[in-house]
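So in the numbering used here the end of the sequence shown lands on 512, straight run, no missing numbers.
For glycine and all other residues, C-beta sits at the position ideal for the given N, C-alpha and C.
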Amino acid sequence: MKRSHLFRTLLILVLIVAAVWYLVPTFRATQLDQALDRRLAVIHEKTNIPMPVLREDIFRFSVDLAQRIRDTEGLGNEEIEELVSDVEYLRGEFYDRYDDAQDGAIRLGLDLQGGMYLVLEVNLVELMENLAKNKDADFEKLLDEIRTRINNDPDANFEAVVQNTFNEHEIPMARYFGRANSTNQAILNELRSNADEAVELTLTKLRNRIDEFGVSEPSITQQGQRRIVVELPGIQDPERARSLIGRTALLEFKFVADPEVTAKVIGDIDETLAEVIKDEGESLEPGVDTEPATQDVTDTGEAEPDTSVSELERRLTEGAEEGEEDTTDVASAFDEDRPFSSLARLIDRQIGVKASDRTTVMRYLARPEVQDVIPPDYEFLWSNAAEPGREGEEIWMLYLVQERAEMTGAQLSDAGVSIGGNDPSQAGAAIVNLTMNREGTRRFARVTENNIGRFLAIILDDRIHMAPRIKDRIPGGQAIIEGAESVESAQDLAIVLRAGALPAPVEIIEER
């Protein structure tokens, strides 16, 4: 064999050996991953702990899986100790080998295994609105104009659009931002700094969310001034990923208004809408857009009922048994004297609205004259999901809550998922367990101690997930969120809560 051929052969052999050596960690990682699934499948089969929960919690050492196994009914002592031993092995010797193998394994990119490609845009107009002070009608018009210009020209420079809009209307920016004597340029510099910080923080929080979601080798990069490109190789559930990424995840704890306040606001809304009907001849009846026809009323000889106070208002102020649903003259026929309260019912001293009437109620609440009678330190928020009603139709809960939050997700230190809650109706369902940090624990204890008997709403992105009544002081800094549609949705909620809320909403403007 010629010397050149021998050298070439040896070089090829060396390259093959090097390639095989390089691929060994990938083979080991695949084998260990399969072994992990097999062991978790055994634990799942004997304890009924869902596989996704086991997959997420097995290497979260703060989660006491051993205790969860011991709490499983129907297991003998031998089975329990065997399963606990499996968990200890997976978290000990196995984890060391698994972690080493993952470090050296090859990750397939988007070009090799497919996946999702997303372009996100950070909503800087929303951020700007959150930073503003002394907001008025002029400010809302300015915001709408800025928003329109940005939408019409996605590549427009945000700072230039803001500056031009304010200059054209000859309104100093100091009216809404900075100090009274601040120049427009100084305020623009501050807004630019806030916008850059918001985009950078959004990048960090999205990375944290996606890392916990378990996508191998994701790519998250900034593009331009306010866009973020996300590549998720091998993603199996695009809808779930889309929800995980796009959710703002602003967690807030707010008090539900006292019944007397709610009754007063409902009465004012009824009067306002009744005036609209009387003065404008406009029918507000659901599904009716013309002036209502005159109804025939049969004279029964009985005294006419007192319409000065609706049944809903009366029951709110007088009280009702916890869990009792009031259907007396509530959510019955549409009443032009009480157009708002006639579409509502009382459930545990809170307002319930039939799914078929929800759009109408939302339309009522959006009217400017109705907004004017709602106190500025209160707001109406809907429940996160509908509940089954007595008559077979779904019911949406509508809460009047204080605008000021008693606590936010900033006081949260951890969020995890477990199965089953205090409510028997949640048995077997996934719940999200919230753990406060030191500051949050102190504040939660003080808030609960001073407000026993009141309803405290747990709100995520302006949707109320729960509004339990405070029955006693809660010193341990623990709370739960029930009502998750699935284990996966509960896990995703826990992920975004652990990562923290985004500083501004993000919108998906391109997806492939």
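For E275, the three-state DSSP class (helix, strand or coil): helix
Sort out for me which residues DSSP pairs F255 with in a bridge. L456
T30, buried or exposed, once every other Cβ within 10 Å from all chains shown has been counted against 16: So T30 ends up on the exposed side.
The region 135–155 / the region 165–185 touching (three or more Cβ pairs under 8 angstroms): Result yes; three or more Cβ-Cβ pairs closer than 8 angstroms.
Would you mind reading off the limits of the beta strand (DSSP E) that contains I495? I495: not part of any beta strand (DSSP E); member of the alpha helix (DSSP H) spanning V487 to A499, first to last residue.
Where K278 falls, given that 16 or more other Cβ within 10 Å makes a residue buried: Only exposed fits K278, as fewer than 16 other CB atoms lie within 10 angstroms of its CB.
How far does the alpha helix (DSSP H) with L250 in it extend, from its first residue to its last? Here L250 belongs to no alpha helix (DSSP H), and DSSP marks it neither H nor E.
For K354, which residues does DSSP report across the bridge? I395
Proximity below 9 angstroms, CB of L250 to CB of D461: yes
Please report the straight-line C-alpha distance between L273 and T360, rounded to a whole angstrom. 12 angstroms
L493 to I12, Cα distance in whole Å? 51 angstroms
Short Cβ contact (9 angstroms threshold) for I269 with F340: yes
Three or more C-beta pairs under 8 angstroms: does that hold for the region 480–496 against the region 189–201? By the Cβ rule, the region 480–496 does not count as touching the region 189–201, because fewer than three pairs are nearer than 8 angstroms.
Contacting residues, own chain, Cβ-Cβ under 7 angstroms from A156 (five flanking each side not counted): Contacts found: R149 and I150.
By how many angstroms is the C-alpha of I266 removed from the C-alpha of A180? Whole-angstrom Cα-Cα distance: 39 angstroms.
How long is the line joining the alpha carbons of A410 and I419, rounded to whole angstroms? 25 angstroms
Helix, strand or coil: how does DSSP classify E403 here? Shown here, E403 sits in coil according to DSSP, grouped into three states, outside any helix or strand.
Under three-state DSSP, which class holds D71? In the three-state scheme derived from DSSP, where H, G and I count as helix and E and B as strand, D71 is classed as coil.
Return the chain-ordered ranges of every alpha helix (DSSP H) run that is complete within the region 133–158 and spans a minimum of 4 residues. 137–152
In this structure, how does DSSP classify D237 when only helix, strand and coil are distinguished? coil
Should E510 be labelled buried (16 or more other beta-carbon atoms within 10 Å of its own) or exposed? exposed
C-alpha gap between V432 and A499, whole angstroms: 14 angstroms
Cβ of L15 within 9 angstroms of Cβ of A101? no
Specify the secondary structure class of G472 as computed by DSSP and reduced to three states. Note that residue 472 corresponds to Asp in the displayed sequence, not to Gly. Coil, per DSSP.
Y378, DSSP secondary structure in three states: strand
Taking R226 as the reference, give the member of A186, D138 and E126 with the closest Cα. Nearest C-alpha to R226: E126.
Terminal residues of the continuous beta strand (DSSP E) containing G115? G115 to V122
Where S85 and R97 are concerned, what is the direct C-alpha to C-alpha distance, given to the nearest angstrom? 17 angstroms
DSSP three-state label for T183, please. coil
Rounded to a whole number of angstroms, what is the C-alpha to C-alpha distance between I351 and G476? 31 angstroms
Can you name, in chain order, every residue of its own chain whose Cβ lies under 7 angstroms from the Cβ of E313, other than the five neighbours on each side? A263, I266, G267 and S341
For the region 232–250 against the region 455–469, do three or more pairs of beta-carbon atoms, one drawn from each stretch, fall closer than 8 angstroms, so that the two count as touching? yes
Roughly how many angstroms separate the alpha carbons of R469 and I452, rounded to a whole number? 8 angstroms
Beta-carbon within less than 8 angstroms of E507's beta-carbon, same chain only, minus the 5 sequence neighbours each way: which residues are those? L120, E121, N123 and G246
If contacts are defined as beta-carbon pairs under 8 angstroms, then L201 and P505 qualify, I think. What distance do you get, rounded to the angstrom? L201 to P505, Cβ: 13 angstroms. No contact.
Using a 10 Å radius around the Cβ and a threshold of 16 neighbouring Cβ atoms, would you call T204 buried or exposed? Counting Cβ neighbours within 10 Å, T204 comes out exposed, since fewer than 16 surround it.
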